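A.B. asks: Numbering (our numbering), first residue to last: 912 to 1316.
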Amino acid sequence: MFVVVGVSGGIAAYKTVQVVRALVTNGHEVHVVPTEDSLRFVGTATWEAISRHPVTTSVHDDVAEVRHVALGTQADLVIVAPATANTLAKMAAGISDNLLGVTLLATTAPVVVAPAMHTAMWDHAATQANITTLRDRGVYVVGPADGPLTGGDSGPGRMAEPDEIVAEALALVEREPEAPAGDLAGLTVVVSTGGTREPIDPVRYIGNRSSGKQGVAVALAAADRGAYVHLVAAHVDGSVLDTALHHPRIAVERALTAAEMDTAMRAAAGGSDVVVMAAAVADFSVPEVSDVKIRKEDGTVTLDLIENPDILIGLVRERGAGQTIVGFAAETAADEAELQERGIRKRARKGVDLLAVNRVGWQQGFESARNAVLFVDTSDQVTARAEGSKRAVADALWDAVLRLR
Ligand code: CTP
């Protein structure tokens, strides 16, 4: 594989020597592109000896070979380690005043950055905004780790370890298929996930126990099977979205309240082939959200609630030609017969092509990595069942969708 390793000016550059060495040892062709500043930490001679290729920082060398564009276009993978706050800011803005900047603009290969800087610089709103911009653009961020920093301080900002950078970067490329393949290739799908939160005041909300895992599994399964996925995520647990954020065929949009989700889903559904509403949408919201925190001294509080729009019914009403619409239902039921009966009734009430029904309770259905569902379609019968990991249930859902289409 043709790998470009960009090095910007931080003391962690000495650790990048190990990154380059590991890649070369694994048989990859590595070209190092340092910034001028970084040469104060590790010099050209070291990079040339380790990568076994000439090294330059300038856009004006090898002009005849158009080296500045060639590196970017030939690259199968670009790693920037260490990525300083300055280099991240330049990347976010698309500035190309050195060979690294030009290479980054010329490439369509996956880009991995390993930030390294003082905690205060990492925490700064500007750096965080730049990281968000880069992530949204598909850049994969490794680290930074929390630990001792130059100057005796400690905190987040330490560059990830070389073996971690290499492992994550290679895994990223291996995950990226040449061209979409799979039984959902060519389809555009929209999936909602997570639980909406309806604000009461600046610190409180009405929420639910949805972790978002099942909806994210539905999105990942579709993307791995070749579809382009628009994932609309309400609140999800911890790192549930991470894999989806880095999937080359998934675009993630956040929608935190039922109203935001309604707008996002209606916009995304237009022109898509399949819509899956896996989000747990709050059925009610507070019409008059307090601008200040409601306090005990205010006395007894009564919340007036109004019903939220039923997003799924709205999507069915505005359904595009040939579009397949799938809903989820979380039901408490005494037994299997009651679960089926509730599922069949809800399928008809929502007007969807397919309803995935799962049983929930205090100990069942939430936060877990496993799930069990039955599928009801327009024949008003249970046509399939799936039990196992949330990914297995997601794959069964797509099998059922394909049978319908
Ligand atoms: N749903 C929706 N908009 C809402 C509520 C639910 O789009 N305001 C969707 C969910 O995403 C799910 C399906 O409708 O796909 C069923 O959700 P569920 O909560 O089981 O149904 P409800 O209509 O809320 O019915 P219930 O009275 O059983 O709560």
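From the three backbone atoms N, C-alpha and C, an ideal C-beta is built for every residue, glycine too.
Just so it is clear, the structure is predicted and the values come from calculations on it, not from any experiment.
Ignoring anything shorter than 4 residues, give me the alpha helix (DSSP H) runs that lie fully in the segment 1230-1284, in order along the chain.
C.D. replies: Within the segment 1230-1284, the complete alpha helix (DSSP H) runs of at least 4 residues are 1247-1261.
A.B. asks: The alpha helix (DSSP H) that contains GLU959, what's its start and end?
C.D. replies: Where GLU959 is concerned, the enclosing alpha helix (DSSP H) stretches over 955-962.
A.B. asks: State yes or no: is the C-beta of LEU1250 nearer than 7 Å to some heavy atom of the ligand CTP?
C.D. replies: No, the Cβ of LEU1250 stays beyond 7 Å of every heavy atom of the ligand CTP.
A.B. asks: Using only the alpha-carbon positions, how far apart do LYS1301 and ALA1128 sit?
C.D. replies: The straight-line gap from Cα to Cα measures roughly 6 Å.
A.B. asks: Report, in whole angstroms, the separation of the C-beta atoms of SER962 and VAL930, which I expect to be a contact under 8 Å.
C.D. replies: Rounded, the Cβ-Cβ distance is 11 Å, inconsistent with contact.
A.B. asks: Could you tell me how far apart the beta carbons of GLY1068 and HIS1029 are, in whole angstroms, since I believe they sit closer than 8 Å?
C.D. replies: Their Cβ separation, rounded to whole angstroms, is 5 Å, which keeps GLY1068 and HIS1029 in contact under 8 Å.
A.B. asks: What does DSSP give as the partner residue(s) for LEU1142 in the beta ladder?
C.D. replies: DSSP lists VAL1102 and VAL1163 as partners of LEU1142.
A.B. asks: Between the Cα of VAL1196 and the Cα atoms of ARG1230, VAL1185, ILE1217 and GLU1208, which residue gives the shortest distance?
C.D. replies: Inspection of the sequence shows that residue 1196 is occupied by Ser rather than by Val. When each option's Cα is compared against that of SER1196, the closest is ILE1217.
A.B. asks: Where are the alpha helix (DSSP H) runs, 4 residues long or more, that stay fully inside the segment 985-1071, in chain order?
C.D. replies: Qualifying alpha helix (DSSP H) stretches, in chain order: 996-1004, 1010-1017, 1030-1034 and 1036-1047.
A.B. asks: Report yes if the C-beta distance between ALA1267 and VAL1284 is below 8 Å; otherwise report no.
C.D. replies: In this structure, VAL1284 lies closer than 8 Å to ALA1267 by Cβ.
A.B. asks: Which same chain residues, not among the five before or five after TYR1116, have their C-beta less than 8 Å away from its C-beta?
C.D. replies: Result list for TYR1116: ARG1108, GLU1109 and PRO1110, in chain order.
A.B. asks: What is the DSSP secondary structure of ILE1205, counted as helix, strand or coil?
C.D. replies: It is coil, neither helix nor strand.
A.B. asks: What residue from VAL943, ASP1246, ARG1048 and LYS1124 has the CA that sits closest to SER1103's CA?
C.D. replies: Looking at the Cα atoms, LYS1124 is the closest of the given residues.
A.B. asks: According to DSSP, is ARG1296 helix, strand or coil?
C.D. replies: In this structure, ARG1296 counts as strand in the three-state DSSP scheme.
A.B. asks: Compute every distance between the C-beta of GLY1254 and the non-hydrogen atoms of the ligand CTP, then say whether any falls below 7 Å.
C.D. replies: Flag unset: Cβ of GLY1254 not near the ligand CTP.
A.B. asks: Would you say LYS1124 touches the ligand CTP, meaning its beta carbon is less than 7 Å from a heavy atom?
C.D. replies: No, Cβ of LYS1124 sits at least 7 Å from all heavy atoms of the ligand CTP.
A.B. asks: Return yes when the Cβ of MET1172 is within less than 8 Å of the Cβ of ALA1190, no when it is not.
C.D. replies: The answer is yes: Cβ separation under 8 Å.
A.B. asks: The ligand GTP and PHE913: does the residue's C-beta get closer than 7 Å to at least one heavy atom of that ligand?
C.D. replies: Among the ligands in the structure shown, the ligand GTP does not appear; only the ligand CTP can be found there.
A.B. asks: Please name the residue, chosen from ASP987, ALA1130 and ALA1078, that lies closest to ALA1303 on a Cα-to-Cα basis.
C.D. replies: If we check each option's Cα against that of ALA1303, ALA1130 comes out closest.
A.B. asks: Can you tell me where the alpha helix (DSSP H) with ARG1314 in it begins and where it stops?
C.D. replies: From DSSP, the alpha helix (DSSP H) with ARG1314 extends over 1301-1315.
A.B. asks: Considering only their Cβ atoms, is the gap separating ASP1264 from LEU1308 smaller than 8 Å?
C.D. replies: No.
A.B. asks: Nearest by alpha-carbon distance to ALA1080: which of GLN1234, LYS1261 and HIS939 is it?
C.D. replies: Among GLN1234, LYS1261 and HIS939, the Cα nearest to that of ALA1080 is on HIS939.
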